[in-house]
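> The structure that follows is given in the form of structure tokens.
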Amino acid sequence: MTFTVIGRCTRTGMLGIATATHSYAVGVRVPFVRARLGAVAIMAIADQRLGHTALRLLEIGYKAPAVIEELVRADPYHEYRQLGVVDDDGFSAARTGTMNRPWCGHRVGDGYVVLGNAIRGEQVIEAMERAYLADPALDLEERLLRSIEAGRDAGGQPEGQRSAALVVYDRKEFARVDLRVDLHEEPVGELRRIFEVYRPAIPYYDLRQVDPRVPPLEQWLAERSR
39 MTFTVIGRCT RTGMLGIATA THSYAVGVRV PFVRARLGAV AIMAIADQRL
89 GHTALRLLEI GYKAPAVIEE LVRADPYHEY RQLGVVDDDG FSAARTGTMN
139 RPWCGHRVGD GYVVLGNAIR GEQVIEAMER AYLADPALDL EERLLRSIEA
189 GRDAGGQPEG QRSAALVVYD RKEFARVDLR VDLHEEPVGE LRRIFEVYRP
239 AIPYYDLRQV DPRVPPLEQW LAERSR
């Protein structure tokens with residue numbers, strides 16, 4: 039009951055995921071991202087352990103297609119899962135198990151995956167793919183967010199959505215963006231609202247991680263606006 043986009047920016051090397059679902063707290067179960075390693079989505083009947091396993095496989099050198107193969111081999115319930123992986127070299131792979139609720143499917147391209155299950159139709163992931171590819175010059179978080187907005191606008195899920203999440207890592211070990219809407223009547227719209235508030239602070243929190251001498255956020259923003 040989820041639609042998701044996974045991407046790697048070829049300009050910056052950023053990795054990220056945006057996702058939305060009818061279930062609660064999708065940010066807990068679906069997205070797994072690690073800087074300079076890869077981004078993984080575990081969907082449908084999600085098992086968080088598979089996400090951690092996928093990251094370990096990437097860490098020891100597996101590429102995205104081989105990660106999918108190993109997850110399937112290790113999981114007796116793989117037909118109930120939907121899996122997507124994009125690694126740091128831009129290799130992408132996905133699998134939609136036969137027990138996923140219709141409509142379900144995925145599209146894989148150079149450095150990205152879009153996938154969904156229990157959605158209104160193929161037009162959802164088609165719209166997501168178009169939105170993601172429309173402007174590669176945009177920051178990755180904006181491209182990902184526009185993609186799930188397009189999926190929602192193309193019909194999303196018949197029951198609607200209740201939660202959404204956006205996770206992006208740059209080349210550092212801490213997240214550039216990690217935002218969640220765990221329960222909302224229109225979570226993708228709420229995620230956009232939160233993101234627009236947070237967006238000007240992205241460089242601030244990146245800087246503050248490594249330099250505690252930076253001034254408080256409001257002062258820093260005011261100085262930048264002058």
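When we follow the working numbering, the leftmost residue of the sequence shown carries the number 39, and every step to the right adds one.
Beta carbons: idealized from backbone N, C-alpha and C, even for Gly.
Report the option in 91, 228, 138 whose CA atom is closest to the CA atom of residue 120.
Checked all of 91, 228, 138; the closest Cα to residue 120 is 138.
> Can you give me the C-alpha to C-alpha distance between residue 220 and residue 79, rounded to a whole angstrom?
Rounded to the nearest angstrom, the two C-alpha atoms are 17 Å apart.
> May I ask you to report which of helix, strand or coil DSSP gives residue 161?
Helix.
> Which complete beta strand (DSSP E) runs does the region 227-254 hold, if anything under 3 residues is left out?
Within the region 227-254, no complete beta strand (DSSP E) run reaches 3 residues.
> If you reduce the DSSP assignment to three classes, tell me which class residue 116 lands in.
Reduced to three states, the DSSP call for residue 116 is helix.
> Suppose contacts are defined by Cβ-Cβ distances below 9 Å. Is residue 262 in contact with residue 226 by that definition?
No, the pair does not count as a contact, with Cβ atoms beyond the cut-off.
> At which residue ranges does the region 74-162 contain complete alpha helix (DSSP H) runs of 4 or more residues, listed in the order of the chain?
As far as the region 74-162 is concerned, its whole alpha helix (DSSP H) runs of at least 4 residues are 86-97, 102-112.
> Applying the criterion that 16 or more other CB atoms from any shown protein chain within 10 Å of the CB defines a buried residue, is residue 91 buried or exposed?
By the 10 Å Cβ count, residue 91 comes out buried.
> Short of 8 Å in beta carbon distance, which residues of its chain neighbour residue 165, apart from the five on each side in sequence? Order them along the chain.
Excluding residues within five positions, the ones whose Cβ falls inside 8 Å are 188, 189, 191, 192.
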